[in-house]
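Residue numbers for the sequence shown follow the working numbering, beginning at 8 and rising by one.
A short worksheet on the structure shown next.
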Amino acid sequence: MSTTAVPDVAVTAVDEGFWTRARKAGAVLLALGVLAAVLFGALATDQQARFTLSETEGGAALEINGTVGAILFGVIAAATGAALLAGVPKRWFTVLLGAGLVAFVLSFLCWQVSAAPEGRNFMPLVNVLRGTFVLALPLIFGALAGVLCERSGVVNVAIEGQLLMGAFSGALFGSISGNVWVGLVAAALGGAFISLLLAVFAIRYLVDQVVMGIVLNLLAVGVTGFLYERLMQTDATKYNSAPRFSNWEIPLLKDIPLLGPALFRGNIFLYLGLLLVLVIHLALFRTRWGLRTRSVGEHPTAADTLGVKVLRLRYRNVLLAGLVAGVGGASYTLALYSFTKNMIGGKGFIALAALIFGRWSPTGALLAALFFGFADQLATYLGAIGSSIPSQFLAMLPYLATILAVAGLVGRVRAPAADGKPYIKG
8 MSTTAVPDVA
18 VTAVDEGFWT
28 RARKAGAVLL
38 ALGVLAAVLF
48 GALATDQQAR
58 FTLSETEGGA
68 ALEINGTVGA
78 ILFGVIAAAT
88 GAALLAGVPK
98 RWFTVLLGAG
108 LVAFVLSFLC
118 WQVSAAPEGR
128 NFMPLVNVLR
138 GTFVLALPLI
148 FGALAGVLCE
158 RSGVVNVAIE
168 GQLLMGAFSG
178 ALFGSISGNV
188 WVGLVAAALG
198 GAFISLLLAV
208 FAIRYLVDQV
218 VMGIVLNLLA
228 VGVTGFLYER
238 LMQTDATKYN
248 SAPRFSNWEI
258 PLLKDIPLLG
268 PALFRGNIFL
278 YLGLLLVLVI
288 HLALFRTRWG
298 LRTRSVGEHP
308 TAADTLGVKV
318 LRLRYRNVLL
328 AGLVAGVGGA
338 SYTLALYSFT
348 KNMIGGKGFI
358 ALAALIFGRW
368 SPTGALLAAL
378 FFGFADQLAT
388 YLGAIGSSIP
398 SQFLAMLPYL
408 ATILAVAGLV
418 GRVRAPAADG
428 KPYIKG
């Protein structure tokens, strides 16, 4: 009992010091706000920064003078930082931090949009929002796969390989069959195959789970790369021309300003991803399966004592995670692109960061994935308007956002207690 009480006392002592997490975030936000007001305000122009509520330059828009907007939003960001630094109730921390970060981004956008060449000094919010969801989709599926595994006590570093194998299987079998649904099922099974290997070696043979995940990622890259060169490159028409899911428009909802065109004119992956977040959240926190899963991830010995089949539950959840991640991989090849070697490009690791940023919660993982998707979409938008920021830096933007989020914003987090620890039944 005393071994667990000491760390709790130490943590409490740290939390009650002056430099709490809120004050540290406030100091950083205050500095960012001052930087935005001074630097972005000086670089912005007097042109109107237009944020259109459509997909084009026309239609209704929110407009603000570039210089005024950059300074104003910078001051707002600094003010929220000052409020956090002064000390506010904990319940206001998330609200103020979110408001400050949004204000900083808006200050930056006022500079960029107003300084864009004539005819390109506008941001179509519908396109940006739609692009954010599209780019976040593989992250959502990958992070959900991580939630299912790690809530069960199995570290899932193999998300990258699961996504890649799902993308490859969907493209290959969808092309051979000419049926998009066959491709979707094959993608899910491809992701489950990587998960099966993870489950067998990590649960049955007690191989280090992090090392095993990295090995499986390399295996997926090697297998899909080899088959791509031998099959898809030699006959792309037969092996790499899978049919695509078309967009499904939801009547009435599609006409909602801004949100309608972005959310309710999407393909099956968008609707399925959002539905899975809801289903897994409810199942994890409102059902007996969820209670057992969380107990196995926290204290498998106690769960076993109460009659829970620990190893069987872990096998089942890891395989289920592979199915989910495989579908996420199919969102590339059955909706957007043809398959190319290593096309996931590190998104599996960003999904792992979204899992941590979201604190091992389905809804938290969704919000984190959208944050990273927005960073990716913002880089694309800035490149399209000819931003003065070097293209190399823009390409790094999603990964920089990942590092900053996990290192600076997530704060102290605790993974499930049994995460990564093999269970040996006595």
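C-beta: ideal position from N, C-alpha, C; glycine also.
Since the model is a prediction, treat every value here as computed from it, not as a measurement.
Burial state of Gln410, where buried means 16 or more other Cβ atoms lie within 10 Å: The sequence as given places Ile at residue 410; Gln does not occur at that position. Ile410 should be labelled exposed.
7 Å Cβ cutoff met for Ile257 and Leu223: no
Per DSSP, the bridge partner or partners of Phe129: Arg57
Which of helix, strand or coil DSSP assigns to Pro429: coil
Neighbourhood of Asp426 by C-beta, 7 Å cutoff - its chain only, sequence neighbours within 5 removed: Glu157, Gly160, Val162, Gly304
Boundaries of the beta strand (DSSP E) in which Ile71 is found, first to last residue: 68-72
Cβ-Cβ separation, Leu142 to Gly365 (assumed contact under 8 Å), whole Å: Rounded, the Cβ-Cβ distance is 17 Å, inconsistent with contact.
Length of the line joining the Cα atoms of Leu151 and Gly329: 10 Å
Coarse secondary structure for Ala17, derived from DSSP in three states: Interpretation of Ala17 is limited by its pLDDT of 39, a score under 50 that renders its predicted location unreliable; no figure is taken from the coordinates.
Distance, Tyr278 Cα to Asn254 Cα: 10 Å
Rounded distance between the beta-carbons of Leu104 and Lys354, thought under 8 Å: Incorrect: roughly 26 Å between the Cβ atoms, too far for contact.
Contact the segment 318-327 vs the segment 169-183: 3+ CB pairs below 8 Å: no
Between the CA atoms of Leu313 and Arg211 - distance to the nearest angstrom: 22 Å
Nearest neighbour of Arg251, chosen from Ala34, Trp188, Lys97, Phe378 [CA to CA]: Trp188
Those runs of the alpha helix (DSSP H) which lie wholly inside the segment 131-210 and span at least 4 residues: 132-157, 166-184, 187-206
Cutoff 8 Å; reference Val16; Cβ partners in own chain excluding five residues on either side: Reliability fails at Val16, whose pLDDT of 38 lies under 50, so the model's placement of it is uncertain and the value that follows must be treated cautiously. Nothing listed; no residue qualifies.
Rounded straight-line distance, which links the Cα of Ala332 to that of Leu377: 17 Å
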